[in-house]
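*Asks:* Residue numbers (my numbering), protein chains in the order written: chain A, 17 to 519; chain B, 23 to 355; chain C, 233 to 556.
This is the structure I want to talk about, given as structure tokens.
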Amino acid sequence: MNDHVPALRLEGIVKTFPGVRALDDVSFNVMPGEVHALMGENGAGKSTLMKVLGGIYAPDAGRIYIAEEPTEMTSPIHAKAKGVVFIHQELSLADELTVAENIFLGELPRKSLGRVDWRKLFAETDAILKTLNVGFNARTRVGDLSIANQQMVEIARALTVDPRAVIFDEPTASLTDAEKSVLFEVIADLKSRGVGIIYISHRMEEIFKITDRISVLRDGQYRGTLETAKTNEEEVTHLMIGRTLDLSRNASHHEMGDVALEVRGLSCGDLFEDVSFKVRRGEVVGFYGLVGAGRTEIAETIFGLRDPSAGSILLDGEEVRITSPQDAIRRGISLVPEDRKAQGLVLGMNCRDNITLPQVDDMTAGPFVSDGAEVAIFDLYRDKLDIRTPGWRQTVGNLSGGNQQKIVIGKWLSMHPSVLIVDEPTRGIDVGSKSEIHNLIRDLAAQGYAVIVISSEMPEVLHVSDRIVAMYSGRIMREFTSEEVTEDSLIQAISGLTGDKVA
Amino acid sequence: MNSDTRATLIKQGAIWAFIAVELAFFSIAGEFLAVTDQAFMDFDNMLLLLKQSAPIGIIALGMTIVMINGNIDLSVGATYALAAIVLLDSMTWPIFAGLGDWVIPVSWALALLTGTVLGAVNGLIVWKTGVDAFIVTLGAMLGYRGLVFMYNGEQPTSHLNWTLVDFAEAQFLGLHTATWFLLGTALVLWLVMTKTVHGRNAYAIGNNREAAVNAGIRVGPHFLINFMLIGFLAALSAVVFYSESGSVNPNDGMLFELWAITAVVLGGTKLMGGYGSIVATLGGVIAIQLLRKGLGHIGAGTETVNLVIGLILIAVLFLDRQLNRRGREALKI
Amino acid sequence: MAVLTRKGMGTLLARQGILVAFVLFMIGFAVANPRFIEIDNISGVIRSSAILGVMALGVTFVVIGGNLDLSVGSMMSFSTIVVLDLHDKLGPLLAIPAMFGLTLALGAFIGFLVGYLKLNSLIVTLGMLSAIHGLTLTWSGGKNMDIDDKSGTWFSIFGQGTAMGIPVPILIFALLAAVLGMILAKTPFGRKVYAVGGNGTAATFSGIPRARVVFFTYIVSSFCVAVAGLLQASRSMGSQNTVGQGMELEVLAAVILGGASLLGGSGTIFKTVIGVLILGFIQNGLLLMGLAFYAQYVVTWVIIILAVWLDIAAKRGRLLSPIA
């Protein structure tokens, strides 16, 4: 391979969806034998870019060059044929088949009569597995392998085509430290073979450990490329979050009331362990951490969707057992869930009915639901939250993300909870609505609600919280007040580094 | 071994354990309640059992593949009946009058063709319209049955060809003709599922359809082939049975789909697709036939059998769910 | 103005396509055989659709809730046989509530399996189809049921009487449709059924007791089956034990024709009633045109496939599926 020509180059890529410019003139290249990180907040455009590269989306404008040859990626098979391979977050393997059959999925070597040439299949698979130095063999059933090993199978699959570029999307999310080392060795090996590697991740520690260059996307735009050896986390964060680095702390001060919710030693199997914290009325506690840190699982447990394996939950000082969401709601807990479409809304129903759903039993006149009372609630929250919709009859599925989120928030506010948990309040929402929702959260605290905000966006969590709980791998690493928190210490805490390793 | 593997092994072994339990139960119960003097586990009785398993067994084997795909076929009973009618009636058609006994292979071919075509219709509709297989075949269950009734109204269709009957009643190497067909089908399908690309792709498509599609596997033609296969097998089953019986009623084959699905699910294949085995289905077929025979042996009638089979299907679903529980870490949705 | 875009027109056509096709069919039938639009014929169709219609009302609840019920046909046979048998043993006054009790018990069992145990409703109700058939055979001893003294009882009023000039079955159908329609559209329970069928996860996250809601949809369905059994028994005062065989498919066809999505979350009682009538008139029209009786089944098959296909096609925006 020619080492001076990029293995892969994207130029001027534009991709729009109805109402959203997901990629705006993005250019980017990867050299053979380099590990190039692609970073950006949620919604910055990373996965859209990768889907364009992988042949799942066709770009509206721009070109892709493979070893400087202009190429159109028409499908994932085509992309693979051109030497561009993905290792996804959700593994695309068939559990029931063997490792060999998965590696050669769709390309099983044949004999006459459509029979599989098993000898050839296993021989070729063994050869590939040998180069990766893995602990399992070609005949193992994939479903019996650990996640880390399944990932190895995916990597092996990439190697069947002698790839030019391999793209890793958050590969370490479910790996132990030992498994991560193995992965990094494999990546180093690929590197030495001249494969160009794109590494998508949020984890600074890893990025600074294994990558050569870092490129950043923000709001669908390319923001710049840095050489890893010559930069630091602050500079990268700066690129990711914006020039006016709005890391302003939460500035408001108001009275805080009694402890509304207390959690002691709460555990749920492998998901989280020994979690303890308190939330007072009038306080916003932010939970920050990476995917898989256990934050959403804690919220789900408090809301009655999971049974804890140990520990206790106290509401207003009294220990309670929350058996179901119905139970939680009755006790005054509301949860604005992480995935508004799958968990927060019935997309086929209208706005009003979605908002009044949890309390529909209480809104009756005789045996029937009272239209008037329902519409009144809808009107109230439409005004309070500035929900843009032609009317209450509008099907919720037709609203924009921001307005959909407001419907979900309105739904739960209308329950007048004492404890409100909001999981990723502004995911996938435009900037304007984002700040509206942040102000709303602060207002709620001022009104005396006890609020928990779970977020993966640092500016957000810094901006709205009175206190921040940093989680990593199912445990609480540290708690910060809004005065004492710093970006560095926060990032270190959620990356698993304890206080004594401060740079 | 992790709990997944353990669950799989339990399920794979389960069907054979169940059969053993049935044999024991009916043998013992038979001592007290039997209608006849014969012991339940009489050798001839068991041979007969295999023969009687053939009609539903052949269909169930085909259903296994369709279900591994993640589909289902509710029209097999109607296809069975229609193929039977074509088989028997075509032997009386004037065009074939001069063929004598050579009409037999011709009629067989026509019947098998009928089944294959009916299956192809289902397969094409599923492929091209994207409508779920269960609705497509639910409608076909009605539509094909309509064709059956349209053929000869509510009258039976009959024709006896003694050469054919002799062949069907014969025994080769101690096993009945029908049994040979059952075992032959099982062997062929087992080879297909474990040794051919088509068979391995079936698991891939059922397991992780997106991955299969992204890997370039063409799902549409694959489905079409499998529906044609089960249509063919439904017709084969009819050919095997009616060659001997010589008379078909328009209501015949009713609920065959239920029996076939029960055998498949009993054998451990999952409804969601991607998992299943021909051998296990064979076990399921034998288990069900044992049940029928056993209940008959102790004096229970068809009504009890219907009741028991229905409840068994439900019980299997329940057990399947219990063995698949993900434990405390699952959301209580 | 959204309607005038190509996609909009397609959606409109697909959604109302059934109605349009139906109107065209009706005109065609009337032209082919003027007897089609005679009052006698029309009221005859409505009356014979009543029993199917009553069952379809109940199944609508189940389908909106995101499930299926293939057991309704054999459950209806059960109800018919049981009430006929008990009529002679306990008298009509006791027989009717007893039959309702038994039928509802069956519905409760299914509701428990699908709602609380979360078993697959297709397979469960398929299994129950067989099990209940077995029950019916056991109860009837394999024989047909007949009321001994047909003229000496008021039992026939349900299936054969008229009130205010309208046949009682039609009145009952209309009444039940009105009541169930109100329940579905205007009560909290109805709202919850839509939510559970539309997005079961979101419903749970909103505190809705999903299992209980599904359970009650099967109670409603079995109640309707009991009514249908009563009407049937009362109409013929005697019955074979396979009277309801195959009806589950026609019921489903009517519900689908009415536009309910088999994925759950949409449909209304009114639309189901339309679907029932459409099915009835099409079958009747074909008969009057001289088509063989059983050809209806073939036509129903085609209708089911077309109706679901168009519904799916409208939702995804393209006619043919994207399956490679």
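By construction, the Cβ of each residue, glycine as well, lies at the ideal position given by its N, Cα and C atoms.
Keep in mind it's a predicted model, so treat the numbers as computed, not measured.
Looking at the structure shown, is residue 291 (chain B) part of a helix, part of a strand, or coil, going by DSSP?
*Replies:* Reduced to three states, the DSSP call for residue 291 (chain B) is coil.
*Asks:* Buried or exposed for residue 68 (chain A), going by 16 or more other Cβ atoms inside 10 Å?
*Replies:* It is buried - the Cβ of residue 68 (chain A) has at least 16 other Cβ atoms within 10 Å.
*Asks:* Looking only at its chain, what residues have a beta carbon closer than 6 Å to the beta carbon of residue 292 (chain B), apart from the 5 residues adjacent to it on each side?
*Replies:* If we look at residue 292 (chain B) and ignore the five residues flanking it on each side, it has no Cβ neighbours.
*Asks:* For residue 179 (chain A), which of helix, strand or coil comes out of DSSP?
*Replies:* Looking at residue 179 (chain A) - three-state DSSP - the assignment turns out to be coil, as it is neither helix nor strand.
*Asks:* DSSP state of residue 155 (chain B), grouped into three classes?
*Replies:* Residue 155 (chain B) falls in the helix class under three-state DSSP.
*Asks:* By how many angstroms is the C-alpha of residue 300 (chain C) removed from the C-alpha of residue 507 (chain C)?
*Replies:* The alpha-carbon atoms of residue 507 (chain C) and residue 300 (chain C) are separated by roughly 17 Å.
*Asks:* Pull up the CB-CB distance for residue 310 (chain A) and residue 339 (chain A), whole angstroms please, since I reckon it's below 8 Å.
*Replies:* Going by Cβ atoms, the distance from residue 310 (chain A) to residue 339 (chain A) rounds to 21 Å, so no, they are not a contact pair.
*Asks:* Spatial neighbours of residue 278 (chain C) within its chain, please: CB distance less than 8 Å, with the 5 preceding and 5 following residues excluded, ordered by chain position.
*Replies:* Around residue 278 (chain C): 402, 509 and 512.
*Asks:* If you compare alpha carbons, which of A:347, A:31, A:300 and A:227 is closest to residue 469 (chain A)?
*Replies:* Closest by alpha carbon: A:300.
*Asks:* How do the region 457 to 464 of chain C and the region 301 to 310 of chain C stand: do at least 3 beta-carbon pairs fall below 8 Å, yes or no?
*Replies:* Yes, the region 457 to 464 of chain C touches the region 301 to 310 of chain C.
*Asks:* Against chain B, with Cβ distances strictly below 7 Å, would residue 450 (chain C) count as a contact?
*Replies:* No, residue 450 (chain C) lies away from the interface with chain B (no Cβ there is under 7 Å from its Cβ).
*Asks:* On a Cα-Cα basis, can you pick out the residue from A:57, A:181 and A:79 that is closest to residue 96 (chain A)?
*Replies:* Residue 96 (chain A) has its Cα closest to that of A:181, out of A:57, A:181 and A:79.
*Asks:* Using the DSSP secondary-structure output, state which residues sit across from residue 284 (chain A) in a beta bridge.
*Replies:* Answer by DSSP bridge pairing, in chain order: A:288.
*Asks:* Does the Cβ of residue 344 (chain B) have 16 or more other Cβ atoms within 10 Å, making it buried, or fewer, making it exposed?
*Replies:* With fewer than 16 Cβ atoms within 10 Å of its Cβ, residue 344 (chain B) is classed as exposed.
*Asks:* Which same chain residues, not among the five before or five after residue 262 (chain B), have their C-beta less than 6 Å away from its C-beta?
*Replies:* Taken in chain order, the residues that qualify are 76, 200 and 203.
*Asks:* Would you say residue 542 (chain C) reaches chain B, if we count a Cβ-Cβ gap shorter than 7 Å as a contact?
*Replies:* No - not a single Cβ of chain B is within 7 Å of the one on residue 542 (chain C).
*Asks:* Once the 5 residues before and after residue 370 (chain A) are set aside, which same chain residues still bring their CB inside 7 Å of it?
*Replies:* So the list reads 361, 362, 412, 423 and 427, once near-sequence residues are dropped.
*Asks:* Where does residue 391 (chain A) fall in DSSP's three states?
*Replies:* Helix at residue 391 (chain A).
*Asks:* What residues from chain C crowd round residue 152 (chain B), counting only those whose CB sits closer than 7 Å?
*Replies:* Simply 544, 553 and 555.
*Asks:* Between residue 249 (chain A) and residue 237 (chain A), what straight-line distance do the alpha-carbon atoms span, to the nearest angstrom?
*Replies:* Each residue's alpha carbon lies about 20 Å from the other.
*Asks:* Measuring only between beta-carbons, confirm whether residue 70 (chain A) sits less than 7 Å from chain B.
*Replies:* Chain B, which has no Cβ nearer than 7 Å to the Cβ of residue 70 (chain A), makes this no.
*Asks:* Report the three-state DSSP secondary structure of residue 297 (chain C) (helix, strand or coil).
*Replies:* In the structure shown, residue 297 (chain C) sits in coil (DSSP, three-state: anything other than H, G, I, E or B).
*Asks:* Since residue 239 (chain B) meets chain A, which of its residues come closer than 9 Å, beta carbon to beta carbon?
*Replies:* What residue 239 (chain B) touches in chain A: 121 and 122.
*Asks:* Is it buried or exposed for residue 281 (chain B), if we count other Cβ within 10 angstroms and need 16 for buried?
*Replies:* Looking at its Cβ environment, which holds 16 or more other Cβ atoms inside 10 Å, residue 281 (chain B) is buried.
*Asks:* I need the DSSP call for residue 554 (chain C), collapsed to helix, strand or coil.
*Replies:* Coil.
*Asks:* Counting contacts by CB-CB distance shorter than 7 Å, is residue 358 (chain C) in contact with chain B?
*Replies:* With 7 Å as the cut-off, residue 358 (chain C) counts as an interface residue toward chain B.
*Asks:* Given a limit of 7 Å on CB to CB distance, which residues of the region 289 to 312 of chain C reach chain B?
*Replies:* Answer set for the region 289 to 312 of chain C: empty.
*Asks:* Taking C-alpha atoms, which residue in A:45, A:25, A:70 and A:118 lies nearest to residue 233 (chain B)?
*Replies:* Of the listed residues, the one whose Cα sits closest to residue 233 (chain B) is A:118.
*Asks:* Rounded to the nearest angstrom, what separates residue 437 (chain C) and residue 425 (chain C) at their Cα positions?
*Replies:* Looking at the two C-alpha atoms, the distance is approximately 15 Å.
*Asks:* Start and end of the beta strand (DSSP E) containing residue 326 (chain A)?
*Replies:* Residues 326 to 331.
*Asks:* Give the residues from the region 142 to 170 of chain B that approach chain C closer than 9 Å (Cβ to any Cβ), ordered along the chain.
*Replies:* The region 142 to 170 of chain B vs chain C, Cβ under 9 Å: 147, 148, 149, 150, 151, 152, 153, 154, 156, 157, 158, 160, 161, 162, 163, 164, 165, 166, 167, 168, 169 and 170.
*Asks:* Residue 55 (chain A) lies in the beta strand (DSSP E); which residues open and close that run?
*Replies:* From DSSP, the beta strand (DSSP E) with residue 55 (chain A) extends over 51 to 55.
*Asks:* Strictly under 7 Å for the Cβ-Cβ distance: is residue 348 (chain C) near chain B by that measure?
*Replies:* Closer than 7 Å: no.
*Asks:* Name the chain A residues whose beta carbon is nearer than 7 Å to that of residue 439 (chain C)?
*Replies:* Chain A residues near residue 439 (chain C): 341, 342, 345 and 374.
*Asks:* Starting from residue 104 (chain B), follow the alpha helix (DSSP H) in both directions and report where the run begins and ends.
*Replies:* 98 to 112 is the span of the alpha helix (DSSP H), which, as asked, contains residue 104 (chain B).
*Asks:* Consult DSSP for residue 259 (chain A) and reduce its assignment to one of helix, strand or coil.
*Replies:* Legend: pLDDT at residue 259 (chain A) = 48, less than 50; position of this residue unreliable, no value from coordinates given.
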